[in-house]
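One structure is given below, encoded as C-alpha cells.
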Amino acid sequence: VAAALFRFEHLLNPGMGTVARLPRWGVRALEGFLTVALCCLICQTPNLSPVAFLGGFGLVGGATALVILTALLSPHSILAGPLQSRVLVWFGRISYSLYLWHLPVKKLLTSDRLARLGLGEWFGDVLCVFVSIALAAASFYVVERSFLRLRRKTRA
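Residue numbering for the sequence shown follows this note's numbering, starting at 238 and increasing by one per position.
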C-alpha cells in the first residue's frame, strides 16, 4: 500500500514526490540496505519456515516494492541502469510464462528420473532452468503475444 501511495504521489507531482526528493546518499543508502536485507532474508530463511509465513513474505514484498520504486522514481538510483538491461527486461516480459512453466517442468524432470539416465542432480537443476526458460519464451511469443494483439484489435 505504501509503495502504491508513493507511486501515486509521483504521478500527481512528478519530481516532487518523497522518493524523488531524497538526496543521492539517501537513495544509495536505502537501495544498499534494502538489497542486503532482501538477500539475507531470502538466503537465510529455510523453506517452509514459520518466519516466512508470519510476516516474512510481507517484508520481502514491501522491500522489493521499495527497491523498484527507488529505481523508477529517483534520478540518483544506482540500480536503475542494471535493472534496465535487455536481458532483465526480456526476463520480465516472459516472467508470467516462466512462473507457469517452472513447476510442471520441475515435476517432470525429477532427480529420480534423471538419475536413471546417469545424470547428476546439479545437471537436473540446470536442465530444469533451461527447459523452463525455453518453454516460457515459446509460450510468450506464440500464445501471449497473439492474445495481446487480439486485445489491441478489439479495443480499437
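Ideal Cβ placement from N, Cα and C applies to all residues, glycine included. Predicted model, so just to flag it, every value in this text is computed and none were measured.
Element boundaries [alpha helix (DSSP H), containing residue i]
| i | result |
| --- | --- |
| H313 | Segment: none, H313 is in no alpha helix (DSSP H) and carries neither H nor E. |
| V366 | 358-376 |
| L346 | Where L346 is concerned, there is no enclosing alpha helix (DSSP H), given that its DSSP letter is neither H nor E. |
| R392 | 382-392 |
Neighbourhood of residue i by C-beta, 7 Å cutoff - its chain only, sequence neighbours within 5 removed
| i | result |
| --- | --- |
| W338 | S369, L372, A373, S376 |
| K343 | C365 |
| T282 | V288, A289, G293 |
| I331 | A373, A374, F377 |
Same chain only: Cβ atoms within 8 Å of residue i, ignoring 5 sequence neighbours per side
| i | result |
| --- | --- |
| F360 | L351 |
| L267 | L259, L303, T307 |
| V273 | none |
Contacting residues, own chain, Cβ-Cβ under 6 Å from residue i (five flanking each side not counted)
| i | result |
| --- | --- |
| L242 | none |
inquiry  = Which complete alpha helix (DSSP H) runs does the region 272-338 hold, if anything under 4 residues is left out?
reply    = Annotation note: the region 272-338 contains the following uninterrupted alpha helix (DSSP H) runs of length 4 or greater, listed N- to C-terminal: 294-310, 317-320.
At least 3 beta-carbon pairs within less than 8 Å: the region 298-316 vs the region 257-269 = As far as the Cβ criterion goes, the region 298-316 touches the region 257-269, which means the pair count is three or higher.
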